[in-house]
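S.K.:
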Amino acid sequence: KPETPKPETPKPETPKPETPKPDDVAGVASIVDVIYDESAGFPQIKIIADKPMGAFEAYASNNPNTLTVDIPGTLVKTEFQSKEINKDIITKVNILQHSSTPEISRITLELSAQKPYKVVQSEDKKSIAVVYANIIAPISYQKESGM
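This is the structure in structure tokens:
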């Protein structure tokens with residue numbers, strides 16, 4: 329007996345290759361958290377990324393008292409834009425996408441006063457710490473009266 333033709337099932341559409349969203353640009357690190365930490369015995373703010381970050385630039389300002397860290401090649405992906413700290417001299421941290429092309433994240437610490445600081449990057453380059461510790465300037469000596 330003749331076979332009845334089966335109704336044709338539509339072929340599933342081939343998904344189009346997704347164009348990368350600007351946030352998923354290859355090689356761009358995402359800033360995922362900014363935390364206050366004093367477990368090492370001194371106050372510090374840690375800027376944490378999901379992959380290694382490149383160079384950064386830090387500069388202090390006295391009016392108002394702030395310390396700003398610009399990190400090129402990064403996107404802000406934190407769940408907050410500012411965080412109240414109110415510990416030691418750090419009152420607040422603000423995080424913003426300073427520029428999208430090129431990608432530059434800006435982290436600004438609002439301070440009650442300026443104090444010597446050091447900005448250091450971890451070995452894996454996935455975090456940058458702004459450290460407020462007793463920083464000793466280079467020491468030199470000279471002879472005076474034969475001593």
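Each residue of the sequence shown is one higher than the one before, starting from 329 at the first, in my numbering. Beta carbons: idealized from backbone N, C-alpha and C, even for Gly.
#1: Contact check, L439 vs I418 under 8 Å by CB: the rounded distance?
#2: What does T436 pair with, by DSSP beta-bridge criteria?
#3: What residues are listed by DSSP as bridge partners for E431?
#4: Is it the case that the Cβ atoms of D378 and I432 are separated by a distance below 8 Å?
#5: If we call anything under 8 Å between Cβ atoms a contact, is K446 one with V459?
#6: Note down, in chain order, each residue of its chain lying with its Cβ closer than 6 Å to the Cβ of T436, except the 5 sequence neighbours on either side.
#7: Between D452 and P380, which are expected to be in contact by the criterion C-beta below 8 Å, what is the C-beta distance as a whole number of angstroms?
#8: A457: which of S358, P371 and K405 sits nearest, CA to CA?
#9: Indicate whether V360 and I376 have their beta-carbon atoms separated by less than 8 Å.
#10: Please state whether DSSP places S468 in a helix, a strand or coil.
#11: Under three-state DSSP, which class holds I417?
#12: Please state if the CB of S428 and the CB of K420 are separated by a distance shorter than 8 Å.
#13: Provide the residue span of the beta strand (DSSP E) that contains E385, from first to last.
#14: Leaving out five residues before and five after S468 in sequence, what residues of the same chain have Cβ atoms less than 6 Å from its Cβ?
M.R.: Result, derived from the coordinates:
#1: 6 Å
#2: T396 and N422
#3: S428
#4: Using a Cβ distance threshold of 8 Å, D378 and I432 do not count as a contacting pair.
#5: yes
#6: T394, T396 and N422
#7: 6 Å
#8: P371
#9: yes
#10: coil
#11: coil
#12: 8 Å or more divides the Cβ of K420 from the Cβ of S428.
#13: E385 to N390
#14: Within the same chain, S468 has no close Cβ partners at all.
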